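Inspection log for the structure reproduced underneath, given as C-alpha cells.
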Amino acid sequence: MTPSGRRTPVLRDLDFSVDGGEVLGLLGHSGSGKSTLLRVINGLTPWFVSAEVFGTVELGGEPLDDLDPGQRAHLMGSCLDRPDGQLFLPTPRQELAAAKRLYGKARDLAFVGERLGVGPLLDRRIVDLSSGERQRVALAAVLMAAPRPVVLDEPAAHLDEGGTAALSEALVEASASGSAVIAAEHSGWRLGLAVSRWVKLEGGLLERDGSPEPPAFSTPDHQPGDRLVFEAKGLSVRAGNRRLFEPIDLELREGEIVVLSGDNGVGKSTLARVMAGHSSPDAGSCRVSGSRPPALMMPEAELQLFSATVEGELRACGAPIGEVARVLRRHRLEALAARTPWSLSRGERQRLVHAAHDVLQPEILIIDEPAQGLDAQDVVDFMELVVRRAARGRAYVIITHRTELAAAAHRHLRLSPAGLEELTR
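When you line the sequence shown up against this note's numbering, it's residues 955 to 1379, in that order.
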C-alpha cells in the first residue's frame, strides 16, 4: 500500500489472518504503518485517505474491498487513536444507544457502563469529559460490536491504571464472545495477558514478536537548583459547577523534573492550562519568576502545527537553517523535513511539537501526555533529552498516566479530588 505523494509503500506483501476469539497485539516503531494498516481494514484508506491499495481484505471469506467505511461499520467495530474523531452526540448515553442500534444484538448499556466505568458519565456532556473519559466512552461504544471483529488504535493512550485494567477485562470478554480483535498499542505491557499473540510491523512487513516489556529509565544525575521558577498558592479549578480538586500549593525549581499523574477526569489537563496561563483558576494564584509564562505542549499535537512542512515548522519558531538541521537530527525527523506535518504519524507529530519547543527554549515546559504515539525507544529518547535539558536549567512538569516515567523525574506527584500528594519513587 502506497499513500498518495509517497514513492515507497508503507505496507507490502502482508498476508495474515486473525481468528475469532483471538486478540492480536500490533507493535511497531512510530511511523511504521500500524494506523495505516488498521485504516485499510476498516476502509478509511483508500476511501477517505488517498492511497494505492493492492490485495484484498476479507471478513469470513468474503472480500470487503467494494464496501466503504459506512458499509463496513455494520460488520466491525473500529476505535481511532483520537476518541474526539468518532464521538458526535451530546452525551455518552446517546453514543452508546447509537452503537446499540448500529450493531443490532449488542450488549446492554448497563453492562458496558459497568465494565469500562462509563456509568457515572452517561448523562454528562461529551465536551465536558476529559480525554481519558472520552476514550472510555469510545471504547465502550466500539466493544459493543462484539462478537464482530474489532480494530483498536492505541486504546490505552489516555487511560489511567483503572481504565487500562478495565480495558484488559473487556478484551478478554470480547475474545470469549468469539470476537477477533486487532489492537495497535505502544505500551502493550499495560494490557497484561489480554493479548493472545503479538506481531511487529517493520519495513512494511509483519513478523511474530514477544510480549512487550516496559522501558527502563535512568534517574537524573543532577539536583534541581535553588531558584524558584514557578509557585502556585491555594490553586483550585472548576469544570462547570464542579470543583475538581481541593486547593493545592505547588513549587517548581530551576532544572526540576516533576511527573504528575492522577485518575481520568481529576483535572490534570485543566491544571496544566491554568499553570500556562491559558485559563483562569477558580481560586488561588500562580507566580512565574521569568518574563514568559510556562509553555504548554498539549496532547493533541495536530492543534499545535501550522506550517506546510516539517522544516517550515521549526523555521517558524525562529530557528536558523543550521539549527533546524541539528534539531531535526536530534529528534530523528531529518528524513521527514520536506513532508507536511499532516502526513506524519501521531508519534512523528508528537516528536515535531517537542522539537519546536526545543527551538523556543522555554524556561518552564509543561508536557501533557508526551508518550502518545511513541514507541518504547522513542519514550526513552524523549526522557533522556528532558533530563539533559533539565540539567541545563529548564524545568519540566510531565503529565502522564505512564507512571514508569517517574523513574526519570525528581518528584512524582499525584492529583486527586483531595489535592496533591507526593509519592515516593
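Every residue gets a Cβ at the ideal spot worked out from N, C-alpha and C, and that includes glycine.
Since the model is a prediction, treat every value here as computed from it, not as a measurement.
- Judged by beta-carbon spacing, S1150 lies within the 8 Å limit of E976, meaning their Cβ atoms are closer than that value.
- Fewer than three beta-carbon pairs drawn from the segment 994-1012 and the segment 1038-1055 are found closer than 8 Å, and the two stretches are therefore not classed as touching.
- The residue among P1253, L1259, A1325 with its C-alpha nearest the C-alpha of R1293 is L1259.
- Under the rule that a run must span 3 or more residues, the beta strand (DSSP E) segments found entirely inside the segment 1321-1375 read 1349-1353, 1365-1370.
- When secondary structure is reduced to three states using DSSP, R1305 falls in the helix class.
- For E1267, the secondary structure class from DSSP, reduced to helix, strand or coil, is helix.
- Remark: C-beta atoms of V1228 and E1277 do not approach each other more closely than 8 Å.
- The three-state secondary structure of L1189, taken from DSSP, is strand.
- Judged by their CB atoms, V1242 and R1207 are not nearer to each other than the 8 Å cut-off.
- T1354 has its alpha-carbon roughly 23 Å from the corresponding atom of K1187.
- Look at S1215 here: in three-state DSSP terms it is strand.
- In this chain, the beta strand (DSSP E) harbouring G979 covers 977-981.
- According to the DSSP secondary-structure assignment, G1031 is paired through a beta bridge with V1104.
- Per DSSP, G1238 is one residue of the beta strand (DSSP E) stretching across 1237-1242.
- By the Cβ-count criterion, R1300 is buried, with 16 or more other Cβ atoms from all chains shown falling within 10 Å of its own Cβ.
- Cβ contact annotation for L1198 (same chain, cutoff 6 Å, sequence separation greater than five): V1191, G1221, in chain order.
- In the displayed model, L1204 falls within a strand according to three-state DSSP.
- Per DSSP, reduced to three states, the secondary structure at A1137 is strand.
- Residue range 1151-1156 is occupied by the beta strand (DSSP E) that includes V1153, with no alpha helix (DSSP H) assigned at that position.
- Of the other Cβ atoms in all chains shown, fewer than 16 fall within 10 Å of the Cβ of L1257; this residue is therefore exposed.
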